[in-house]
Amino acid sequence: MIKESPNVLDDSWQVSSMFKNGDFILLGEQGKIGFIYNDTQVVRFYPGKKQKYMWHFWAEKPQETQKLFGQKVKIIGVSKNNGEKVNVFEGSIGIPNTAIKDNDKVGRMPSLMTLPSKGLWRLEAHVDEKLFGSVVVEVH
């Protein structure tokens, strides 16, 4: 059962901010949640088009972030236009590759995502069945 999202039809919806993390640009909330995205035509969301995105998750402290590794994640999309909800993706946060410097400071999850219609969508990330954070995107 999917719980009702707060403020689904609220007029204050805005596309999430882009921020830099290392060599990548992400869309989301810096230091909390986001996925690699640069708003070019190649990576934008289009109705029904499946795209690959790499999610990043950070907790308040590095020790808490490490507890995210291996946790199940469910991404639920909520349409601003009509409140429609769709299950976008299910996966889990990967165990870090310790051979890569500082790779244990962020949880990562590859995903294939598609949204059914144009407009603003809130992508709610539920980690271990609790809302972790959300990213607002525009489907062109």
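Under the UniProt record's numbering, the sequence shown has 123 at position 123, and the numbering climbs by one with no breaks.
Built from N, CA and C at the ideal position, the CB exists for glycine as well.
#1: In terms of residues, what are the limits of the alpha helix (DSSP H) holding residue 62?
#2: Can you grab the Cα-Cα spacing for the pair residue 31 / residue 20, in whole Å?
#3: Please go through the stretch 57–105 and give each complete alpha helix (DSSP H) segment of 4 or more residues, from N-terminal end onward.
#4: Starting from residue 120, trace the beta strand (DSSP E) in both directions and tell me its first and last residue.
#5: Measure the alpha-carbon distance for residue 100 versus residue 40 and round it to whole angstroms.
#6: Identify the continuous beta strand (DSSP E) that holds residue 19 and give its terminal residues.
#7: Can you grab the Cα-Cα spacing for the pair residue 62 / residue 123, in whole Å?
#8: Taking the CB atoms as reference points, tell me whether residue 92 and residue 67 lie closer together than 8 Å.
#9: Taking the beta strand (DSSP E) that residue 130 belongs to, which residues open and close that run?
#10: Based on Cα-Cα distance, which residue from 86, 109, 129 and 133 lies nearest to residue 144?
#11: Just how far apart, CA to CA, sit residue 90 and residue 74?
#12: Flag this pair as yes or no: are the beta carbons of residue 27 and residue 106 separated by less than 8 Å?
#13: Using DSSP with H/G/I as helix, E/B as strand and the rest coil, what is residue 46?
#14: Using three-state DSSP, classify residue 9 as helix, strand or coil.
Reading from the atomic positions:
#1: By one-based count along the sequence shown, residue 62 stands at place 62. Here the alpha helix (DSSP H) through residue 62 covers 62–66.
#2: The residue given as residue 31 occupies position 31 in the sequence shown. The residue given as residue 20 occupies position 20 in the sequence shown. When rounded, the distance between both Cα atoms is 10 Å.
#3: 62–66
#4: Within the sequence shown, numbered from 1, the residue matching residue 120 stands at position 120. Residue 120 -> beta strand (DSSP E) spans 119–127.
#5: Here residue 100 refers to the residue found at position 100 of the sequence shown. Here residue 40 refers to the residue found at position 40 of the sequence shown. Approximately 28 Å between the Cα atoms of the pair.
#6: Taking the first residue of the sequence shown as position 1, residue 19 is located at position 19. Where residue 19 is concerned, the enclosing beta strand (DSSP E) stretches over 17–21.
#7: Position 62 of the sequence shown, counted from the first residue, corresponds to residue 62. Position 123 of the sequence shown, counted from the first residue, corresponds to residue 123. Computed Cα separation, rounded: 24 Å.
#8: Numbered from 1 along the sequence shown, position 92 holds the residue referred to as residue 92. Numbered from 1 along the sequence shown, position 67 holds the residue referred to as residue 67. No, the Cβ-Cβ distance between residue 92 and residue 67 is not below 8 Å.
#9: Against the sequence shown, residue 130 aligns to sequence position 130. Taken as a continuous stretch (DSSP letters only), the beta strand (DSSP E) holding residue 130 covers 130–139.
#10: The requested residue 144 is not part of the displayed model; the chain covers only 1 to 140.
#11: Within the sequence shown, residue 90 is the residue found at index 90, counting from 1. Within the sequence shown, residue 74 is the residue found at index 74, counting from 1. If I take the Cα positions, the gap works out to 4 Å.
#12: On the sequence shown, position 27 is the one that residue 27 refers to. On the sequence shown, position 106 is the one that residue 106 refers to. It is not a contact, given that the beta carbons lie outside the stated cut-off.
#13: For the purposes of this step, residue 46 is taken as residue 46 along the sequence shown, with counting starting at 1. It is coil, neither helix nor strand.
#14: In the sequence shown, the residue the question calls residue 9 occupies position 9. Confidence at residue 9 is low in this model, with a pLDDT of 43, below 50, so its placement is unreliable and the value that follows should be read with caution. Coil.
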